[in-house]
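Undergrad: Residue numbers (full-length UniProt numbering): 1 to 90. Ideal Cβ placement from N, Cα and C applies to all residues, glycine included. Keep in mind the model is a prediction, meaning the values are calculated, not measured. Sending over a structure as C-alpha cells; questions will come in a sec.
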C-alpha cells in the first residue's frame with residue numbers, strides 16, 4: 001500500500017548534514033519525496049512510497065544522523081503523490 005507523509009523535524013537539524021543523510025536513507029529505502037530547511041529552524045520531509053519503507057524512514061527521522069539533535073518529529077498524513085526520486089530542495 002502506498003502512503004505519503006509530511007514530517008517536521010525540530011531540534012539541532014540545520015547545518016549538520018541532516019538533509020544529506022535523510023536523502024541517503026530515503027534513497028536506500030526506495031522512498032520518494034524531498035527534504036528542505038524551513039525558515040523557523042525545522043526540517044520538512046515529504047516521504048512517499050510503500051508503507052514499510054516510509055515508516056522505517058519516519059522512525060529514522062526521530063534519531064537522525066549523529067551530528068543532529070532531534071527534539072521532536074510531527075508527522076501528518078498526506079494524499080499519495082507520484083514523486084520521482086528523493087531530492088534536497090533549496
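Using beta-carbon positions only, say whether residue 13 and residue 43 come within less than 7 Å of one another.
TA: yes
Undergrad: Quick check: residue 74 and residue 5, are their CB atoms within less than 7 Å of each other?
TA: no
Undergrad: Buried or exposed: where does residue 25 fall if 16 or more other Cβ atoms within 10 Å of its Cβ makes it buried?
TA: buried
Undergrad: On the three-state DSSP scale, how would you describe residue 27?
TA: helix
Undergrad: Using only alpha-carbon positions, find the residue among 1, 2, 11 and 3 that is nearest to residue 63.
TA: 11
Undergrad: Within this structure, are the beta carbons of residue 52 and residue 3 separated by less than 7 Å?
TA: no
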